[in-house]
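Participant:
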Amino acid sequence: MYWSSLPRVFALMSLLMAMPGYEQTHQEAVLCATHWPPFTIVENEQVVGSISLDIHREAFVRLQQPMRIEYLQWSRCLQAVREGRRTAAIDLVATAASLHGSVSSSYYPQYLYTDRERNVKPFDWQDFSGVPVGMVRGYTYTEKICLQRQWQEDYANDDDTVVRKLLIDRYRYALLDPFVADVISQQRGIRLFRLEPMVDVEPLYLDFAPKEKALMLAHQRVLQQ
Numbered sequence: 039m040y041w042s043s044l045p046r047v048f049a050l051m052s053l054l055m056a057m058p059g060y061e062q063t064h065q066e067a068v069l070c071a072t073h074w075p076p077f078t079i080v081e082n083e084q085v086v087g088s089i090s091l092d093i094h095r096e097a098f099v100r101l102q103q104p105m106r107i108e109y110l111q112w113s114r115c116l117q118a119v120r121e122g123r124r125t126a127a128i129d130l131v132a133t134a135a136s137l138h139g140s141v142s143s144s145y146y147p148q149y150l151y152t153d154r155e156r157n158v159k160p161f162d163w164q165d166f167s168g169v170p171v172g173m174v175r176g177y178t179y180t181e182k183i184c185l186q187r188q189w190q191e192d193y194a195n196d197d198d199t200v201v202r203k204l205l206i207d208r209y210r211y212a213l214l215d216p217f218v219a220d221v222i223s224q225q226r227g228i229r230l231f232r233l234e235p236m237v238d239v240e241p242l243y244l245d246f247a248p249k250e251k252a253l254m255l256a257h258q259r260v261l262q263q
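The numbering used here puts the first residue of the sequence shown at 39, with every later residue one more than the last.
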């Protein structure tokens, strides 16, 4: 996101501070994220890059709201946000329980993958009824996937373990995003074959703690400019 001029920045800040429900406190906002290439890159337990972080950082600058981001294991990050111990979690799929604005900061496509070319076929929901599919335990999958899937879930703790189980024939198919599939393929020196069309695609949001509704609304207004 690009901003054209300094006067516009000051004008926008003044407008936001005048909006109902927004209070400029200067209390530091603490965002959390996990290692999820390419969305978020973590090295030595420090967040060193994120597709959407620059967008959020600029929004907080415009709100004159101090902000920092820290690495947490994903379930701990989500729990900390739910309990109000962290301000928000980066890049979350929207759910009925999440608190987020209307503007997404990135997107999350999902495909079925196989490690054998002979298993490639057009993806159709009905064709996978009862078929074992590798998935990651604890991931927030899209509403469409949760409602329409009829396959047999076989869970693992992370994407790399999902692929490892695919390679040892625990199942023929795994549900992955293309970014992590490419990373794991390069790391393991293997080839994964993608089924078309995609299973689903979902926008990702900055998910705020329940007590941060006013900040969420102010953040949303900045992104809408």
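In this text, a Cβ means the ideal position worked out from N, Cα and C, and glycines have one as well.
Since the structure is predicted, the reported quantities are computational estimates derived from the model, not experimental observations.
(1) Counting only the same chain and skipping the five closest in sequence on each side, list residues whose C-beta sits under 8 Å from that of Y149.
(2) CA-CA distance, A247 and R106?
(3) Please report the distance separating the alpha-carbon of H257 from that of S143.
(4) Keeping to the same chain, check which residues put their C-beta closer than 7 Å to that of V99; ignore five residues upstream and five downstream.
(5) Count the other CB atoms, across all protein chains shown, that sit within 10 Å of the CB of E66; report buried if there are 16 or more and exposed otherwise.
(6) Looking only at its own chain, which residues have a Cβ that is under 7 Å from the Cβ of A97, when we skip the five neighbours before and after it?
(7) Mind checking W163: buried by the 16 CB within 10 Å criterion, or exposed?
(8) Between W112 and the rest of its own chain, which residues show a CB-CB distance below 6 Å, the 5 nearest in sequence each way excluded?
(9) Please state whether the Cβ-Cβ distance between C70 and E121 is less than 8 Å.
(10) Heavy atom of the ligand SAM less than 7 Å from the Cβ of V237, yes or no?
(11) If you draw a straight line from the alpha carbon of K251 to that of R208, how long is it in whole angstroms?
(12) Measuring straight from C-alpha to C-alpha, what distance separates M173 and R95?
(13) Tell me whether P241 sits in a helix, a strand or coil according to DSSP, three-state version.
(14) Going by DSSP, what residue range makes up the beta strand (DSSP E) through T14?
(15) Sort E240, A118, L91 and T78 by Cα distance to Y145 and report the nearest one.
(16) By the three-class DSSP mapping on this structure, what secondary structure does R202 have?
(17) Could you tell me which residues DSSP pairs with R106 in its beta bridges?
Facilitator: Quick look at the numbers:
(1) If we look at Y149 and ignore the five residues flanking it on each side, its Cβ neighbours are F161, L213, L214, D215, P216, A219, R232, L233, E234, M236 and V237.
(2) Taking the straight line from one Cα to the other gives about 15 Å.
(3) Across the structure, H257 and S143 are spaced so that their CA atoms are roughly 12 Å apart.
(4) Nothing listed; no residue qualifies.
(5) That one is exposed.
(6) Taken in chain order, the residues that qualify are H257, V260 and L261.
(7) So W163 counts as exposed.
(8) Cβ within range, chain order: T72.
(9) No. Outside cutoff.
(10) For the structure depicted, the ligand SAM is absent and the ligand set is empty, with no information on it obtainable.
(11) The C-alpha of R208 is placed about 44 Å away from the C-alpha of K251.
(12) Distance between the alpha carbons of M173 and R95: 32 Å.
(13) Looking at P241 - three-state DSSP - the assignment turns out to be strand.
(14) Only positions 39 to 263 of the chain appear in the structure, and residue 14 is not among them; the question remains open.
(15) If we check each option's Cα against that of Y145, E240 comes out closest.
(16) Reduced to three states, the DSSP call for R202 is helix.
(17) When beta bridges are read from the DSSP output, R106 appears opposite V68.
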